[in-house]
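Engineer: Per this note's numbering, numbering through the sequence shown is continuous, rising by one, with the last residue being 204.
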Amino acid sequence: MTYQEVIDKIKPEFQRVVDDFKAEIAKLRSNRLSPALLEDIEVNCFDSFMPMKQLGAIANASPRELMVDLWDKSYVEGVVKAVEQAELGLGVRINDKTIYFSAPPLTEESRQNVIKMLDKIKEEAFQNLRHFRDKGWKEIQDACTKGELREDDKFKGRGKLDEATRDFREKIEEVAKRKEEEIKG
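Written out as C-alpha coordinates, the structure reads:
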(Lines of atoms letter the chains of each structure in order from A; the text may use other names.)
(Lines give C-alpha, C1' and ligand atoms only; values in the text may rest on other atoms or scores of the structure.)
Protein backbone atom coordinates (compact mmCIF):
# COMPACT_ATOMS: atom_id res chain seq x y z
CA MET A 20 0.00 0.00 0.00
CA THR A 21 1.28 3.47 -0.86
CA TYR A 22 0.30 6.72 0.77
CA GLN A 23 -1.13 7.85 -2.58
CA GLU A 24 -3.59 4.93 -2.54
CA VAL A 25 -4.80 6.05 0.89
CA ILE A 26 -5.20 9.64 -0.31
CA ASP A 27 -7.02 8.51 -3.47
CA LYS A 28 -9.37 6.50 -1.26
CA ILE A 29 -10.05 9.50 1.04
CA LYS A 30 -10.59 12.13 -1.72
CA PRO A 31 -14.09 10.90 -2.66
CA GLU A 32 -15.03 11.24 1.04
CA PHE A 33 -13.71 14.81 1.01
CA GLN A 34 -15.75 15.52 -2.13
CA ARG A 35 -18.85 14.07 -0.49
CA VAL A 36 -18.35 16.46 2.45
CA VAL A 37 -18.19 19.39 0.00
CA ASP A 38 -21.28 18.17 -1.88
CA ASP A 39 -23.23 17.67 1.36
CA PHE A 40 -22.19 21.16 2.47
CA LYS A 41 -23.45 22.67 -0.80
CA ALA A 42 -26.76 20.83 -0.48
CA GLU A 43 -27.19 21.92 3.13
CA ILE A 44 -26.50 25.61 2.52
CA ALA A 45 -28.79 25.64 -0.52
CA LYS A 46 -31.59 25.31 2.03
CA LEU A 47 -30.55 28.52 3.78
CA ARG A 48 -32.65 31.50 2.93
CA SER A 49 -31.09 34.42 1.10
CA ASN A 50 -32.61 37.29 -0.88
CA ARG A 51 -33.20 34.76 -3.64
CA LEU A 52 -35.28 31.72 -2.70
CA SER A 53 -34.04 28.33 -3.81
CA PRO A 54 -36.25 25.32 -4.59
CA ALA A 55 -33.97 23.37 -2.23
CA LEU A 56 -35.68 25.28 0.59
CA LEU A 57 -38.85 23.21 0.04
CA GLU A 58 -37.69 19.99 -1.67
CA ASP A 59 -37.10 17.86 1.40
CA ILE A 60 -39.97 19.10 3.58
CA GLU A 61 -41.97 16.03 4.59
CA VAL A 62 -45.65 16.29 3.64
CA ASN A 63 -48.40 14.11 5.12
CA CYS A 64 -50.37 12.72 2.19
CA PHE A 65 -52.92 10.03 2.91
CA ASP A 66 -51.22 9.08 6.21
CA SER A 67 -47.76 8.61 4.69
CA PHE A 68 -44.96 11.16 4.65
CA MET A 69 -43.28 12.07 1.37
CA PRO A 70 -40.74 14.76 0.47
CA MET A 71 -42.35 17.65 -1.38
CA LYS A 72 -40.18 17.08 -4.45
CA GLN A 73 -42.10 13.82 -5.02
CA LEU A 74 -45.46 15.59 -5.04
CA GLY A 75 -44.84 18.17 -7.76
CA ALA A 76 -42.43 20.42 -9.60
CA ILE A 77 -40.75 23.16 -7.55
CA ALA A 78 -39.38 26.19 -9.36
CA ASN A 79 -38.70 29.91 -8.94
CA ALA A 80 -41.59 32.11 -10.03
CA SER A 81 -39.46 35.15 -9.17
CA PRO A 82 -36.36 35.73 -7.00
CA ARG A 83 -38.48 35.87 -3.83
CA GLU A 84 -41.27 33.50 -4.83
CA LEU A 85 -41.32 29.72 -5.24
CA MET A 86 -43.97 27.91 -7.24
CA VAL A 87 -44.99 24.34 -6.46
CA ASP A 88 -46.99 22.78 -9.29
CA LEU A 89 -48.50 19.68 -7.68
CA TRP A 90 -49.28 16.49 -9.56
CA ASP A 91 -52.64 16.22 -7.78
CA LYS A 92 -54.92 18.85 -6.24
CA SER A 93 -55.51 16.68 -3.17
CA TYR A 94 -51.93 17.43 -2.01
CA VAL A 95 -52.56 21.18 -1.57
CA GLU A 96 -53.72 21.13 2.05
CA GLY A 97 -50.90 18.83 3.21
CA VAL A 98 -48.23 20.89 1.43
CA VAL A 99 -49.44 24.19 2.89
CA LYS A 100 -49.62 22.67 6.38
CA ALA A 101 -46.10 21.18 6.09
CA VAL A 102 -44.58 24.50 5.00
CA GLU A 103 -46.34 26.33 7.82
CA GLN A 104 -44.99 23.78 10.32
CA ALA A 105 -41.48 24.29 8.93
CA GLU A 106 -41.76 27.92 10.11
CA LEU A 107 -40.01 29.43 7.09
CA GLY A 108 -42.03 32.64 7.30
CA LEU A 109 -43.37 32.31 3.77
CA GLY A 110 -46.62 33.78 2.50
CA VAL A 111 -48.99 31.42 0.65
CA ARG A 112 -51.13 31.94 -2.44
CA ILE A 113 -53.06 29.04 -3.99
CA ASN A 114 -54.18 28.82 -7.61
CA ASP A 115 -55.90 25.46 -8.25
CA LYS A 116 -53.09 22.86 -7.83
CA THR A 117 -50.29 25.44 -7.97
CA ILE A 118 -49.07 26.99 -4.73
CA TYR A 119 -46.94 30.12 -4.60
CA PHE A 120 -44.75 30.70 -1.55
CA SER A 121 -43.37 34.22 -1.24
CA ALA A 122 -40.86 35.61 1.20
CA PRO A 123 -40.51 39.14 2.53
CA PRO A 124 -37.08 40.73 2.18
CA LEU A 125 -34.62 39.69 4.87
CA THR A 126 -34.13 42.11 7.74
CA GLU A 127 -30.63 42.83 9.01
CA GLU A 128 -31.31 40.69 12.09
CA SER A 129 -32.55 37.72 10.04
CA ARG A 130 -29.53 38.04 7.72
CA GLN A 131 -27.21 37.79 10.73
CA ASN A 132 -29.09 34.71 11.97
CA VAL A 133 -28.79 33.02 8.57
CA ILE A 134 -25.06 33.84 8.47
CA LYS A 135 -24.67 32.26 11.93
CA MET A 136 -26.37 29.11 10.60
CA LEU A 137 -24.03 29.17 7.59
CA ASP A 138 -21.00 29.38 9.90
CA LYS A 139 -22.31 26.49 11.99
CA ILE A 140 -22.82 24.30 8.90
CA LYS A 141 -19.37 25.28 7.61
CA GLU A 142 -17.75 24.29 10.91
CA GLU A 143 -19.51 20.90 10.78
CA ALA A 144 -18.12 20.38 7.28
CA PHE A 145 -14.62 21.24 8.51
CA GLN A 146 -15.03 18.70 11.33
CA ASN A 147 -16.01 16.05 8.78
CA LEU A 148 -12.92 16.87 6.70
CA ARG A 149 -10.73 16.55 9.80
CA HIS A 150 -12.37 13.21 10.61
CA PHE A 151 -11.51 11.79 7.18
CA ARG A 152 -8.00 13.30 7.29
CA ASP A 153 -7.40 11.63 10.65
CA LYS A 154 -8.74 8.35 9.29
CA GLY A 155 -6.33 8.57 6.33
CA TRP A 156 -3.40 9.46 8.59
CA LYS A 157 -4.18 6.46 10.80
CA GLU A 158 -4.18 4.17 7.73
CA ILE A 159 -0.81 5.57 6.65
CA GLN A 160 0.61 5.06 10.15
CA ASP A 161 -0.74 1.50 10.30
CA ALA A 162 0.82 0.70 6.93
CA CYS A 163 4.15 2.01 8.20
CA THR A 164 3.86 -0.04 11.40
CA LYS A 165 3.16 -3.18 9.36
CA GLY A 166 6.23 -2.48 7.23
CA GLU A 167 4.20 -1.81 4.06
CA LEU A 168 5.40 1.80 3.95
CA ARG A 169 8.78 3.39 4.62
CA GLU A 170 9.14 5.95 7.40
CA ASP A 171 9.95 8.86 5.05
CA ASP A 172 6.99 7.92 2.81
CA LYS A 173 4.78 8.10 5.90
CA PHE A 174 5.69 11.77 6.37
CA LYS A 175 5.42 12.51 2.64
CA GLY A 176 1.96 10.97 2.82
CA ARG A 177 1.04 13.16 5.75
CA GLY A 178 2.10 16.24 3.81
CA LYS A 179 0.10 15.19 0.75
CA LEU A 180 -2.91 14.32 2.92
CA ASP A 181 -2.77 17.74 4.62
CA GLU A 182 -2.47 19.39 1.19
CA ALA A 183 -5.59 17.56 -0.07
CA THR A 184 -7.44 18.51 3.12
CA ARG A 185 -6.45 22.16 2.62
CA ASP A 186 -7.70 22.10 -0.99
CA PHE A 187 -11.11 20.79 0.02
CA ARG A 188 -11.28 23.19 2.97
CA GLU A 189 -10.65 26.07 0.55
CA LYS A 190 -13.48 24.80 -1.68
CA ILE A 191 -15.84 24.93 1.29
CA GLU A 192 -14.60 28.42 2.24
CA GLU A 193 -15.19 29.62 -1.33
CA VAL A 194 -18.74 28.23 -1.48
CA ALA A 195 -19.52 29.68 1.97
CA LYS A 196 -18.18 33.10 0.97
CA ARG A 197 -20.41 33.16 -2.15
CA LYS A 198 -23.42 32.13 -0.07
CA GLU A 199 -22.68 34.82 2.54
CA GLU A 200 -22.52 37.47 -0.20
CA GLU A 201 -25.83 36.17 -1.55
CA ILE A 202 -27.39 36.42 1.93
CA LYS A 203 -26.11 39.96 2.43
CA GLY A 204 -27.66 40.84 -0.93
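Using N, Cα and C, we set each Cβ at its ideal position, and we do this for glycine too. Only a predicted model underlies this, so the values are computations on that prediction, with no experimental measurement involved.
Under 8 Å, do residue 134 and residue 37 count as touching if we go by C-beta distance?
Structural biologist: Residue 134 sits at position 115 when you count from the first residue of the sequence shown. Residue 37 sits at position 18 when you count from the first residue of the sequence shown. Contact flag unset, no.
Engineer: Among 169, 155, 57, 184, which residue has its Cα nearest to the Cα of residue 119?
Structural biologist: Residue 119 sits at position 100 when you count from the first residue of the sequence shown. Ranking the options by Cα distance to residue 119, first place goes to 57.
Engineer: As a quick exercise: from 141, 194, 80, 201, pick the residue whose alpha carbon is nearest that of residue 54.
Structural biologist: Counting from 1 along the sequence shown, the entry for residue 54 is found at position 35. Here the closest residue by C-alpha is 80.
Engineer: Answer yes or no: do residue 60 and residue 130 have a C-beta to C-beta separation smaller than 8 Å?
Structural biologist: Here residue 60 refers to the residue found at position 41 of the sequence shown. Here residue 130 refers to the residue found at position 111 of the sequence shown. Result no, Cβ atoms of residue 60 and residue 130 do not sit closer than 8 Å.
Engineer: Kindly indicate which residue of 122, 132, 137, 128 has the alpha-carbon position closest to the one of residue 195.
Structural biologist: Counting from one through the sequence shown, the residue named residue 195 turns up at place 176. Closest by alpha carbon: 137.
Engineer: Tell me, please, whether the stretch 174-187 touches the stretch 69-78 by the rule of three or more beta-carbon pairs shorter than 8 Å.
Structural biologist: No, the stretch 174-187 does not touch the stretch 69-78.
Engineer: Using the Cα positions of residue 11 and residue 141, report the straight-line distance between them to the nearest angstrom.
Structural biologist: In the structure as shown, the chain starts at 20 and stops at 204, and residue 11 therefore has no counterpart that could be examined.
Engineer: Is residue 63 near residue 105, with beta carbons less than 8 Å apart?
Structural biologist: Your numbering for residue 63 matches position 44 in the sequence shown. Your numbering for residue 105 matches position 86 in the sequence shown. It is not a contact, given that the beta carbons lie outside the stated cut-off.
Engineer: Taking the CB atoms as reference points, tell me whether residue 139 and residue 116 lie closer together than 8 Å.
Structural biologist: Here residue 139 refers to the residue found at position 120 when the sequence shown is read from its first residue. Here residue 116 refers to the residue found at position 97 when the sequence shown is read from its first residue. Contact flag unset, no.
Engineer: What residue from 98, 198, 154, 43 has the CA that sits closest to residue 69's CA?
Structural biologist: Translated into the one-based positions of the sequence shown, residue 69 becomes position 50. Comparing Cα positions, the closest option is 98.
Engineer: When burial is assigned at 16 or more other CB atoms within 10 Å of the CB, is residue 188 buried or exposed?
Structural biologist: Along the sequence shown, read from residue 1 onward, the residue named residue 188 stands at position 169. Buried is the call here.
Engineer: Which runs of the alpha helix (DSSP H) at least 4 residues long sit entirely within the stretch 54-111? Give them in chain order.
Structural biologist: Counting only runs of 4 or more, we get 55-58, 95-104.
Engineer: Out of curiosity, what's the CA-to-CA distance linking residue 103 and residue 200?
Structural biologist: By 1-based counting over the sequence shown, the position of residue 103 is 84. By 1-based counting over the sequence shown, the position of residue 200 is 181. About 27 Å.
Engineer: Only counting the same chain, and skipping five residues up and downstream in sequence, which positions put a Cβ closer than 6 Å to that of residue 88?
Structural biologist: Start at 1 with the first residue of the sequence shown, and residue 88 comes out as number 69. Within the same chain, residue 88 has close Cβ partners 75, 76, 117.
Engineer: Pick out whichever of 95, 127, 124 has its Cα sitting closest to the Cα of residue 114.
Structural biologist: As a first step, residue 114 is located in the sequence shown; it is residue number 95 there, counting from the start. Considering only alpha carbons, the answer is 95.
Engineer: If you reduce the DSSP assignment to three classes, tell me which class residue 121 lands in.
Structural biologist: Along the sequence shown, read from residue 1 onward, the residue named residue 121 stands at position 102. It is a strand residue.
Engineer: Taking just the CA atoms, how far does residue 128 sit from residue 204?
Structural biologist: Working through the sequence shown from its first residue, we reach residue 204 at position 185. Working through the sequence shown from its first residue, we reach residue 128 at position 109. Rounded to whole angstroms, residue 204 to residue 128 spans 14 Å at the Cα level.
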